[in-house]
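This note's numbering applies: residue 404 is where the sequence shown begins, and numbers increase by one. Using N, Cα and C, we set each Cβ at its ideal position, and we do this for glycine too. Keep in mind the model is a prediction, meaning the values are calculated, not measured. Here's the structure we're looking at; comments come further down.
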Amino acid sequence: MMCSSAGVGGYHRRYDVFISFRGEDTRTNFISHLHSALINKKIRVYRDYDINRGDDVWPSLAKAISDSHISLVVFSQNYASSKWCLQELVKIMECRREHGQVVIPVFYQIDPSHVRKQTGSYEKAFAQHDQDRSNQLTGCCWRDALTQAASIAGWDSRTQKDDSEVIQNIVNDVLQKLYPQYTIELKGIVGIEETCKHLESLLKKVRVIGIWGIGGVGKTTIAKALFAKLFLQYDNACFLENVREESKRVGLKSLHDKLVSELLKGENPVSSVVGSTFLMSILSSKRVFIVLDDVDHFEQLEYLCGEHSGLGEGIRLIITTRDKHLLSGRVDKIYEIKEWKYKESLELLCLNAFKQGHPQMGYEGLSDRAVHYAGGIPLALKVLGLHLYSRSREFWECTLRKLEKHPNEDILNVLKVSYDGLDDLEKKIFLDISFFLNMRGKNEVIKILDASGFYAASGIQVLEDKALITVGLGNRILMHDLLQDMGLEIVRQECKENPERRSRLMGNEAYDVLKNKKGTAAVEGITLDWFPIDFQFRANTFNGMTKLRFLQLYTPSSERSHTVHHHTVLDAVSDELRYLEWIGFPFKSLPQTFCAKFLVEIYMPHSNVEELWHGVQDLVNLELIDLSECKQLMKLPDLSRASKLTTVYLSGCESLCVVHSSLLSLETLVHLRLNRCKKLKSLKVEKHLGILQDLYVNGCSSLTEFSVSSELMKWLDLSQTGIKILHSSIGRLSNLLSLNLEGLRLENLPNELSCLTSLKRLKISKNGLVINKEKLHVLCDGLVSLRRLQLKDCYALSELPDNIINLSLLRVLILDGSSIERLPSNIKHLLELRILSLENCRKLQFLPELPSSILQLHVNNCTSLAMVSNLRTFSTDKEDKQWSISFKNGTKLNEYSLICIMEDIHFTMAMAAFNNELQRRFGNNPEDYFYSSVDVCLPGSNVPRMFTYRSTESSLAIELPGYDKRSNLIGLFYSMVLSPSDNMVLQHGAKVQGQCYQANGTAVGYPVTWSLKAISKLNSDHVFVRGECDDLISVKECGLHLLCCSDSQFHSLLSELDTEQNQLGNRMNGRLLDALKL
């Protein structure tokens, strides 16, 4: 047990502290206050009035000294004049020498050198002692004891402000020496400082904190570090370590008695009769700090500390556990300890493996592999580091290869504690996930496991609470690599020598069992993602596996033709199968004897199947069929009995001509993907489908007849199909969020489209005749929820309707390739608009004032554009990080417009830098601080005038401001003029890199890389605001400008921003440009 009774030395002692002092000097003042301070901290103190009447004095004193952890020796002016004091001191130094007793000297209003050298009053005292011949022999011992004691580091009252400060320092020193397990440096531990700071701040706000996480992640270490830092601040404190194991070893009553003994030390009833509720009521008026470490049962919490409501205001309780559910309703805050990041992990590994914070030369790659194996678990990093300490590279290599198949036993034992606490069904769920279902959707996993009768919803919650799994992005179940390895090892232990007798198989052992037809009824699942090219499936390959629930196989495309030998290979597959995954299934169909009664999912993409099976199957559990990219699939079976089927994926089934009518009759169908089924000609259903949510038929080039509707439809993609007439029933899709009509040669665009009031994304392209101003006017009246409108290559659209402002939520407007000549002036009122793209609008002549929300403006290849209005309204929202402005090949832009554009962009860049500085100085979260940037492309042959530094090369040298002004630097602007070569072909743009160097050639900071799509297809010289580029482009000129703002200017601008409420007028714009020296 780690509790506050454990002190210095190896055996139990009656007293914590023995005080040796000269009564006439200090008894009634200093010693009295010191004694009280020690008692208040529950320190057991011996003083001479503890001797019972009738006791022989010296033997009692000598025994008290021997029975104390620490001796406090208070040297005062007359200490040496007392033979009793000197005799006590000799005994104290003897205990120090022979038993390791801690001695703390206190020099009370006396020079330590007088004690050490026996000068001053001590010299006079020994002169008196020397007159008595009986003291001649003991005098030498006294002198030696004084010299030794005075040479020990202690406390000098003369250097302190007053007695109270001295006493406080002594008490803290005593506590630290009594409880070294709390205060010693936690060697080899890194990366916990921030966590401890956060928990310390939480303890100021709440009373009970639960620290939760996977085994070995550092919960106990963090709790120890926090306790070591804080326990001295409390009246009573106890760290009860390893409650789980100790409650099994000595029982909860013993643990409770231990807790009571420590918290009520010497002041209240016998611990065995003090209940947890009564204990907390006794302590309710005091400041108490308790840590219950590694709790794994509710009873432990109830027995040791009672109900949360019974805790006093001054009590702080920390509980560490692997089981999150234990903390529910019992703590104020649950703090999850997560796996360490790479940097801290590498440092911890290296501290243990190399006794330094970085890899030894030549071990960098091996260290990286070790860190990735440990997966951010501190225990694994430490164990592995110690195991590899002072070992050769060959040993490291061999060990890391071994760990791929055989986990480290010490790590495994720690992680397995949580597994051992599961019931039988929960253990099966854990093992199924570790072998077959890791990284799958939670709902999908529940359905598959429920088909095996595992009550998976509650079981998965238990695994999550015990940190054996997590549920991550996309509601996917994730299992740590070490826990997954543990699951594999647990199954391996079922039968080490005979894999066929294990419940689950993978890899080489699965291959061996299949190859040699050794399957038994013990096997419940197989996963194998490879086969050698000469492997032959035979009719009896799966014989004997009568309880097989999972089958996961993968046949690479290069090997499928080699593996086809017996089409009856699955004849003997168990009827208990719940999950069938065979990517690249090499046969034309599943056998007639195949039973799909219990199947939940069939996942067979990229297979050779022409049909799934013959006849009608009883499919009461089937929820998903995925036959994507099955190029030979010609038809689907009758699915009328698939009463739970929700998802069917048939993307890329190029031979599929017709969809079986039973599929579109299912009332359970939610997701249907038929994209790129190039022979599919018709998809029609007379009845309104109830719950179909997404339907993708994009790329079905032969599809000409389409009529499917559902009140719950959210996503509909009809792009690149042969549909020419859009049925008016599309207006019934009241919940539709996304509609893609790209590439359709529509003859009409029904007005009912405006009834889609929930629509957020609409894409129409190459519909030259169906979209014009009048038709768009109708749409704008109804599509009030639209966020993204894409009208590409709509040649009949020459003007936007004025009611475009009805689309008040619009964030993206793409009009590329249209015949737009000018935008309506009220477009500036679309205050949510972020992206405006007008690329290849070759008739566009004028660009009006745009919304202040704009972040990206693409006006490339607008060869008729001559005038641009004010761009200073560009977004200056500090939350936005990236601006992009491009007028590539805008060769008709007049000089005045180009000058105005550049000046307005200068202001935008200044505001970007200003907002960066604002976040850096005042932001609450340092991670929010990020350099905003502005990418600009304009036609032109010279670096803009505002750039102070210029060069006709691809680099330039500058002298930075003096040190006193350098702190004012808040931004750097780069500019370059790029000239295309005659044979330049850059379809996807090019990368531009910039790097700062000192005069001596040393690189400063990190290289900055930009991918500039605008660089492709330049027709003339262009100005880019940014450095070094591709060989196919020559740099004609480059420039640099330093953006500076002093503290006084910054706060003045900030004040004006508040006054103007961020609505910058011309006056504010001028002030900003002037202050930032643009």
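In the structure shown, D823 adopts helical secondary structure according to DSSP, grouped into three states.
Collapsing the DSSP output to three states places F1376 in a strand. DSSP lists no beta-bridge partner residue for T598.
Here L871 is near Y822, since their CB atoms are less than 8 Å apart. When only Cα atoms are considered, C1183 and E1235 end up about 16 Å apart. Counting C-beta pairs closer than 8 Å gives fewer than three between the stretch 794-806 and the stretch 815-831, which falls short of the contact rule. Note on geometry: alpha-carbon atoms of N1292 and H1261 lie some 11 Å from one another.
When DSSP states are grouped into helix, strand and coil, Q1259 belongs to the strand group. DSSP lists no bridge partner for P1008.
For the pair of segments examined, the stretch 499-509 was found not to touch the stretch 528-542: the number of CB pairs separated by less than 8 Å stays below three.
DSSP lists no beta-bridge partner residue for D771. Within the stretch 479-505, the complete alpha helix (DSSP H) runs of at least 4 residues fall at 486-502. Contact between the stretch 507-523 and the stretch 614-621 is not established, with fewer than three Cβ pairs separated by less than 8 Å. The beta-carbon separation of S1157 and V1173, rounded to 14 Å, does not stay under the 8 Å limit for a contact. When Cβ pairs closer than 8 Å are counted between the two stretches, the stretch 1043-1058 is seen to touch the stretch 1024-1034, the count reaching three or more. Between S1112 and L1077, the beta carbon gap of about 16 Å keeps them out of contact (Cβ cut-off 8 Å).
If you draw a straight line from the Cα of Q521 to the Cα of P515, it is about 9 Å long. Secondary structure at H472: strand, using DSSP grouped into helix, strand and coil. For G779 and K600, the gap between their C-alpha atoms comes out near 21 Å.
DSSP, reduced to helix, strand and coil, places S1161 outside both helices and strands of the structure shown, so it counts as coil. Non-local beta-carbon contacts of L635 in its own chain, meaning distances under 8 Å to residues more than five positions away in sequence, involve N575, L578 and Q579 in chain order.
Take I1288, set aside five residues on each side of it, and the residues of its chain with a beta-carbon closer than 6 Å to its own are L1260 and V1339, in chain order. Under the Cβ criterion (8 Å, minimum of three pairs), the stretch 745-758 does not count as touching the stretch 708-727. Restricting attention to G621, M909, L1147 and M1314, the CA atom closest to the CA of A783 is found in G621. Contact between the stretch 1004-1016 and the stretch 825-835 is absent: fewer than 3 CB-CB pairs across the two stretches fall below 8 Å. In its chain, beyond the 5 residues on either side, C1441 have a beta carbon closer than 6 Å to the beta carbon of S1354. In terms of CA proximity to E665, K445 leads the group L852, K445, L840 and L464. Comparing alpha carbon positions, the residue from E1356, K1084 and L1296 closest to G1343 is L1296. In the structure shown, L1144 falls within a strand segment according to DSSP collapsed to helix, strand and coil.
K1081 places its beta carbon less than 8 Å from that of S1104.
Annotation for E800: no beta strand (DSSP E) segment contains it, though the alpha helix (DSSP H) segment containing it runs R796 to L806. Sixteen is the threshold: since fewer than 16 other Cβ atoms of the shown chains lie within 10 Å of the Cβ of V460, the residue is exposed. Less than 8 Å separates the beta-carbon of W1016 from that of P1040.
Two segments are said to touch when three or more pairs of C-beta atoms, one from each, lie closer than 8 Å; by this definition the stretch 845-857 does not touch the stretch 701-721. Per the Cβ contact rule, the stretch 1135-1150 is in contact with the stretch 1158-1171 (3 or more Cβ pairs under 8 Å). By alpha-carbon distance to S1188, the top candidate from E1070, V734, L1210 and S1256 is L1210.
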